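Visitor: Please see the structure below; I have some questions.
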Amino acid sequence: MININGLTCYYNGLPMVKNVHMTIEKGEMVSLVGPSGCGKTTLLKAICGLHEEVDGSLVINGKDVVTIPSHKRSTIMVFQEYLLYPHLNVAENIAFGLKMRGMKRKERYEKVLPLIEKMGLSGLEKRYPGALSGGQKQRVALARALAVEPTVLLLDEPFSNLDERLREDMRRFVCDLQEELGITTIFVTHDIEEALMSSNRVVVMLDGIIQQIDSPELLYRKPVNRSVAKMLGSRTLLEGVFRQGQFHWQEHAVTIPAKNHASDMEGMACSAVIMPDAISFGTKEGSDLTGRVIKVVFGGSKYIVMIDVDNAHQEFYVLPPQHIEVGEIVGINIDWDSVVLVPNK
Amino acid sequence: MRRVLKLSCLSIMTLLVVIPLLLLVALSFGKGYEFPRVLPAELSFESYKYLLYEHPRMLSITWRSIQLSSAVATLSVLLGMLAGKGLSGDFKGKKLIERLMLLPLLIPIVSVAMGLHIVFIKLHLANKFVGVLLIQTVIALPYAVLIFTDLYKLIGEKWFEQGDLYGAVGHKRFMYVTFPLLSEGIISAFGICFIVSFSQYFVTVLIGGGRIKTFATEMFPFMNGGDFMISSSFSVVFLVINVMMLLVMEVIVRSFVRRGYHSIER
Amino acid sequence: MKKTTKQMLYTMPAVIFIAGTILVGAFIAVIQSFGYFPEIGLKNWTTEYYRSVFSQPLLFHSFVYSFKTAFLSSVVGVGFGVVSSYLLVTYNKELNLYRRFLALPVAVPHIIVVVIVFNLFIRTGFVSRLLVGSGLLESFEQFPSLLFTDSGFGVIAVYFWKAFPYTIMVLYSVLRSIHHQYRPVSMNLGARNYQYFIHVVLPMAKPMILTTSIILFAFSFSAYEVPFLLGATVPKALPVQAYIDYTSPILENRPYAMAINVLMMVVAFVLIAVYDFVSSSVERRRNHA
């Protein structure tokens with residue numbers, strides 16, 4: 649019920665978000681992921697009408713809203729800094745949108761009080777934002793958006809300002825709420841894990857261009873190009889070329905199963921994406937590749953090992969436990985059947 | 121459409137400000153302003169000539185006034201810098217001191233001066249340059265304190281800590297860290313305190329007892345008299361002196377800052 | 004020594020300077036107002052001067068005059084200032100030129116503003132000449148007597164001309180930061196422009212607007228120069244009356260003048276208390292439960 653076609657967002661004449669095509673179903677929870685500055689917040693603002701230099705079509709529930717000002721769309725955004733009104737208490741903050749729509753006091757509070765309860769804010773109605781904790785502020789901001797019954801809910805980095813413990817609780821709270829209310833929701837984050845855990849589908853954006861839209865599992869297993877794979881992290885990336893049905897990397901040529909790569913990659917520069925569980929180290933003899941260990945870094949759930957293979961330094965991401973030492977000559981075994989080949993972009 | 125409306129409102133407001141000032145300048149250079157001429161008939165320096173040469177001892181009075189107000193401004197800036205530094209931190213009774221600093225701005229200072237008059241007489245400060253200097257400093261000081269408090273808060277501790285790390289302590293610290301950072305504040309605080317002191321009339325007449333003459337005391341009687349040209353000329357000269365002092369201060373302060381950098385380079 | 008003590012010591016020279024003079028001056032003013040003025044031969048403590056002050060209708064009119072001029076100029080000045088700042092902030096571009104011009108009056112001392120108002124509004128002044136020159140009036144006698152009247156027009160005009168640029172200077176950056184953050188949120192939640200101004204901008208800027216008004220009021224209520232030059236001959240503004248009585252050759256008028264002075268100081272202190280109350284109550288409300 650959201651149909652975006654050829655949407656381009658400009659800032660001072662320069663395109664920040666280019667040619668977006670996207671369809672979002674009613675009740676879906678979609679996350680928009682990407683590094684800082686990639687344009688995801690700009691896209692979010694364009695959807696809710698706060699960014700005006702926009703070209704293309706944005707159809708919500710059958711109506712093109714590109715020319716409709718923000719206060720007339722039913723797309724409500726919750727900002728990263730919450731932006732609660734310091735001169736209003738919690739109840740008044742939540743009721744703000746209703747007041748703007750001309751609802752009378754009694755009616756407003758009839759709507760607001762059950763919402764306060766649902767958001768776990770009972771007892772805080774008369775408090776002012778200055779006296780609230782981070783998690784409380786966020787729930788008030790959320791309640792304020794929900795009070796006006798939006799068609800689309802937009803969340804800008806909702807959990808970035810919270811500390812670790814709170815983040816997980818709030819994430820679960822928001823996801824449960826979204827499922828219960830069935831409101832179409834788009835949220836922006838730079839945290840891949842959060843996106844994977846919370847959404848029905850993930851939209852990956854880099855440099856203003858949408859790279860991939862897929863379910864979390866599909867995105868995780870099959871990134872569409874090297875940049876996305878790199879963004880997902882913890883994957884070993886080998887750069888090479890695809891020629892005559894084989895992946896050529898340095899002096900080696902390997903056959904990758906057809907289901908693990910696109911069909912028209914002949915002659916393309918590409919990368920082999922290898923998950924940590926597909927690599928094991930062993931003895932020199934009997935291994936496809938050998939190399940000398942230059943550096944070993946422990947990262948909790950993974951090891952990052954820099955190895956000199958054929959006179960080139962390559963980083964390998966592997967699972968613990970590992971018992972290798974710097975200077976050692978090791979044999980590297982890769983399960984090529986599970987390797988995905990992606991174009992370099 | 122709304123843009124045009126906004127711009128016209130703002131333009132009207134700006135004209136409300138600019139036109140009176142332009143009129144002031146126009147009248148000061150005028151001669152032959154009989155009713156109902158809208159602007160003076162001729163261009164002339166007559167009123168300037170009167171005010172600077174024919175009015176008894178105007179030039180020396182003006183010079184003395186500049187000295188007086190410079191002294192007031194300097195004293196205010198020094199005390200204000202210290203106070204601003206003190207107020208940028210937190211300590212018990214800070215709020216009280218902050219309020220105290222603002223007192224001269226809000227209470228009827230001439231009333232206080234009337235009370236002080238007797239004291240000054242007994243201390244042999246009345247009818248003297250020093251007495252007027254002291255009372256004017258009390259009036260100008262709050263402005264300096266306000267500027268430096270805000271400035272110190274803005275700058276924060278970091279620069280001073282950095283300086284300490286590099287060994288800039290004591291007088292070196294003042295020369296190479298404090299002074300350059302505060303230089304803009306010093307210039308504007310001096311400017312404001314100078315103007316405040318230069319404009320004082322009642323206080324000067326009261327404490328100075330008519331003996332101490334300043335530009336303001338000479339100017340005052342012409343302010344509501346019949347001669348548009350003279351009062352306008354006085355006003356223009358007044359403003360010019362103030363602007364010039366500001367520029368002079370800017371040059372002096374900036375040259376000190378640059379000299380500081382040069383000696384570092386050496 | 005502890006850092007905080009050191010901080011306090013830095014403020015000491017300025018504090019002593021100001022507190023010393025003001026407290027001494029105020030103290031002596033109080034004593035003199037109660038009749039103890041040995042230097043001119045009065046040694047009896049008495050409240051007769053205060054009784055005199057309160058029983059004079061003329062003095063009451065002076066009070067009203069001072070109050071009226073201070074109040075009107077502050078309220079209208081701040082009002083214009085708020086509207087101008089809002090216009091400046093909500094215009095798409097920076098409008099630096101306007102801002103710089105609008106800030107000029109802040110640097111112009113009051114006595115010069117008196118000259119400006121005089122040049123404009125005296126019966127033979129610029130405005131009158133424009134009207135006569137364009138034929139709307141026949142002679143300067145038809146131009147209303149605006150200055151030196153008990154309407155306080157001249158005084159109000161002077162303070163107004165300084166009040167509204169001062170307000171713009173003070174309010175602009177505050178409004179700008181409110182605007183930058185809270186306009187998108189408010190628009191998104193369904194507020195139209197006028198609703199945003201009334202329900203978001205004004206309430207958020209209210210503390211600053213109130214404190215600025217109080218400062219302007221206090222300053223104009225207590226000031227001498229302007230009402231002396233442009234005020235009515237009757238009633239004289241309170242400060243002017245006090246000065247005239249103090250410098251009068253009748254020595255008995257001095258304690259009477261001091262009584263007026265003390266009363267003005269009391270008003271000023273009340274204003275400072277109100278200022279304090281406003282700024283800290285808002286702070287309290289917004290930062291604690």
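Protein chains in written order, with my numbering: chain A, 649 to 993; chain Y, 121 to 386; chain C, 4 to 292.
Every residue gets a Cβ at the ideal spot worked out from N, C-alpha and C, and that includes glycine.
Note that the coordinates shown come from a computational prediction; the quantities given were computed from them, not determined experimentally.
1. Consult DSSP for PRO860(A) and reduce its assignment to one of helix, strand or coil.
2. Can you tell which of PHE124(C), TYR185(C), LEU274(C), ALA240(C) has its C-alpha closest to the C-alpha of PRO734(A)?
3. Taking its Cβ as the centre, do 16 or more other Cβ atoms sit within 10 Å of PHE165(Y), making it buried, or is it exposed?
4. With distances taken from CA atoms, which of SER808(A), VAL852(A), LYS759(A), GLU673(A) is nearest LEU867(A)?
5. Expressed to the nearest angstrom, what Euclidean distance is found between the alpha-carbon atoms of ALA292(C) and GLY771(A)?
6. For CYS686(A), does the three-state DSSP call read helix, strand or coil?
7. Under 8 Å by Cβ, that's how I've got LEU45(C) and TYR53(C) pegged, so tell me the actual separation to the nearest angstrom.
8. Contact check, LEU134(C) vs PHE146(C) under 8 Å by CB: the rounded distance?
9. Could you list the residues in the segment 172-195 of chain C with a C-beta less than 7 Å from some C-beta on chain A, going in chain order?
10. Could you tell me which uninterrupted beta strand (DSSP E) segments, each at least 3 residues in length, are contained entirely in the segment 844-915 of chain A, listed from first to last along the chain?
11. Which residue or residues does DSSP assign as beta-bridge partners of GLN786(A)?
12. For GLU797(A) versus ARG819(A), is the C-beta spacing smaller than 8 Å?
13. Would you please verify whether the beta carbon of ASP210(Y) is less than 8 Å from any beta carbon of chain C?
14. Assign HIS961(A) to one of two classes, buried (16 or more other C-beta atoms within 10 Å of its C-beta) or exposed (fewer than that).
15. Could one say the Cβ of ARG753(A) lies closer than 8 Å to chain C's Cβ atoms, at least one of them?
16. In chain order, which continuous runs of the beta strand (DSSP E) of length 3 or greater are located wholly inside the segment 705-736 of chain A?
17. Just checking, does the segment 245-255 of chain C make contact with the segment 188-207 of chain C on the three C-beta pairs under 8 Å criterion?
18. Would you tell me roughly how many angstroms separate the C-alpha atoms of GLU228(C) and GLY782(A), rounded to the nearest one?
19. Are the C-beta of VAL760(A) and some C-beta of chain C separated by less than 8 Å?
20. Got a sec: is the Cβ-Cβ distance from GLY44(C) to anything in chain Y below 8 Å?
21. Give every residue of the same chain whose Cβ lies closer than 6 Å to the Cβ of ILE114(C), excluding the five residues on either side of it in the sequence, and list them in chain order.
22. For ASP936(A), which of LYS943(A), VAL966(A), TRP897(A), PRO924(A) has the nearest alpha-carbon?
23. Check the Cβ-Cβ distances between CYS823(A) and every residue of chain E, and say whether any is below 8 Å.
24. For a quick check, are the C-beta atoms of LEU844(A) and PRO864(A) less than 8 Å apart?
25. Could you tell me whether any Cβ in chain C is nearer than 8 Å to the Cβ of CYS313(Y)?
26. Whole angstroms are fine: how far does the CA of GLY345(Y) sit from the CA of ILE238(Y)?
27. Measuring only between beta-carbons, confirm whether MET267(C) sits less than 8 Å from chain Y.
28. Report the rounded CA-to-CA distance for LEU127(Y) versus MET369(Y), giving the unit in angstroms.
29. Can you pull out the residues from the segment 202-220 of chain C whose beta carbon lies closer than 8 Å to at least one beta carbon of chain A?
30. Could you have a look at LYS151(Y) and say whether DSSP puts it in helix, strand or coil?
31. Taking any Cβ of chain Y, which residues in the segment 218-247 of chain C have a Cβ under 9 Å from it, in chain order?
32. Give the range of the beta strand (DSSP E) segment to which ASN667(A) is assigned.
33. So which residues on chain C does ARG331(Y) lean against when the C-beta distance must stay under 8 Å?
34. So what does DSSP say about TYR387(Y), is it helix, strand or coil?
35. Given ALA312(Y), which residues of its chain have a CB within under 6 Å of its CB, disregarding the five upstream and five downstream residues?
36. Taking only beta-carbon atoms, is PHE121(C) less than 8 Å away from chain Y?
Guide: Let me lay it out:
1. Residue numbering aside, residue 860(A) sits at position 212 when the first sequence is read from its first letter. For the sequence presented, residue 860(A) should be read as Gln rather than Pro. It is a strand residue.
2. Here residue 734(A) refers to the residue found at position 86 of the first sequence. PRO734(A) has its Cα closest to that of TYR185(C), out of PHE124(C), TYR185(C), LEU274(C), ALA240(C).
3. Position 45 of the second sequence, counting from 1, holds the residue named residue 165(Y). By the 10 Å Cβ count, PHE165(Y) comes out exposed.
4. As a first step, residue 867(A) must be located in the first sequence, where it is residue number 219. Out of SER808(A), VAL852(A), LYS759(A), GLU673(A), VAL852(A) has the C-alpha closest to the C-alpha of LEU867(A).
5. Numbered from its first residue, the third sequence carries residue 292(C) at position 289. Numbered from its first residue, the first sequence carries residue 771(A) at position 123. Caution is warranted here: a pLDDT of 41 is assigned to ALA292(C), below 50, making its placement in the model unreliable, and the coordinate value is therefore given only provisionally. Cα to Cα, the separation comes out at about 11 Å.
6. On the first sequence, residue 686(A) is found 38 positions in, with the first residue counted as 1. Coil, per DSSP.
7. Position 42 of the third sequence, counted from the first residue, corresponds to residue 45(C). Position 50 of the third sequence, counted from the first residue, corresponds to residue 53(C). Rounded, the Cβ-Cβ distance is 14 Å, inconsistent with contact.
8. As a working mapping, residue 134(C) is identified with position 131 in the third sequence. As a working mapping, residue 146(C) is identified with position 143 in the third sequence. 7 Å between Cβ atoms; contact.
9. GLN184, TYR185, PRO187, VAL188, MET190, ASN191, LEU192, GLY193, ALA194, ARG195
10. 849-854, 857-862, 884-891, 894-897, 900-902
11. Against the first sequence, residue 786(A) aligns to sequence position 138. Per DSSP, none; premise fails for GLN786(A).
12. Numbered from 1 along the first sequence, position 149 holds the residue referred to as residue 797(A). Numbered from 1 along the first sequence, position 171 holds the residue referred to as residue 819(A). In this structure, ARG819(A) does not lie closer than 8 Å to GLU797(A) by Cβ.
13. Taking the first residue of the second sequence as position 1, residue 210(Y) is located at position 90. Closer than 8 Å: yes.
14. In the first sequence, residue 961(A) corresponds to position 313, counting from 1. Counting Cβ neighbours within 10 Å, HIS961(A) comes out exposed, since fewer than 16 surround it.
15. By 1-based counting over the first sequence, the position of residue 753(A) is 105. By this cut-off, ARG753(A) is not an interface position.
16. 723-726
17. no
18. Stepping through the third sequence from its first residue, residue 228(C) is reached at position 225. Stepping through the first sequence from its first residue, residue 782(A) is reached at position 134. Distance between the alpha carbons of GLU228(C) and GLY782(A) is about 53 Å.
19. For this step, residue 760(A) is matched to residue 112 along the first sequence. VAL760(A) does not count as touching chain C.
20. Here residue 44(C) is taken as the residue at index 41 of the third sequence, counted from 1. Closer than 8 Å: no.
21. Counting from one through the third sequence, the residue named residue 114(C) turns up at place 111. Cβ within range, chain order: GLU228.
22. By 1-based counting over the first sequence, the position of residue 936(A) is 288. Among LYS943(A), VAL966(A), TRP897(A), PRO924(A), the Cα nearest to that of ASP936(A) belongs to TRP897(A).
23. Protein chains A, Y and C are contained in the structure displayed, whereas chain E is not.
24. The residue given as residue 844(A) occupies position 196 in the first sequence. The residue given as residue 864(A) occupies position 216 in the first sequence. Yes, they are a contact pair.
25. On the second sequence, position 193 is the one that residue 313(Y) refers to. It does not; no Cβ of chain C falls within 8 Å.
26. For the purposes of this step, residue 238(Y) is taken as the residue at position 118 of the second sequence. For the purposes of this step, residue 345(Y) is taken as the residue at position 225 of the second sequence. C-alpha separation (whole angstroms): 32 Å.
27. Taking the first residue of the third sequence as position 1, residue 267(C) is located at position 264. Yes, because at least one Cβ of chain Y sits closer than 8 Å to the Cβ of MET267(C).
28. Residue numbering aside, residue 127(Y) sits at position 7 when the second sequence is read from its first letter. Residue numbering aside, residue 369(Y) sits at position 249 when the second sequence is read from its first letter. Approximately 36 Å between the Cα atoms of the pair.
29. HIS202, VAL203, PRO206, MET207, LYS209
30. Locating residue 151(Y) in the second sequence gives position 31, counting from the first residue. In this structure, LYS151(Y) counts as strand in the three-state DSSP scheme.
31. ILE218, ALA221, PHE222, PHE224, SER225, ALA226, TYR227, GLU228, PHE231, LEU232, LEU233, LEU241, PRO242, ALA245, TYR246
32. Start at 1 with the first residue of the first sequence, and residue 667(A) comes out as number 19. ASN667(A) -> beta strand (DSSP E) spans 662-672.
33. Numbered from its first residue, the second sequence carries residue 331(Y) at position 211. What ARG331(Y) touches in chain C: nothing, since even the nearest Cβ is about 15 Å away.
34. Since the first residue shown for chain Y is 121 and the last is 386, residue 387(Y) is missing from the structure and cannot be characterised.
35. As a working note, residue 312(Y) is residue 192 in the second sequence. The residue asked about is misnamed: residue 312(Y) is Ile in this sequence, not Ala. Here the set comprises TYR263.
36. For the purposes of this step, residue 121(C) is taken as the residue at position 118 of the third sequence. Yes, PHE121(C) counts as interfacial toward chain Y.
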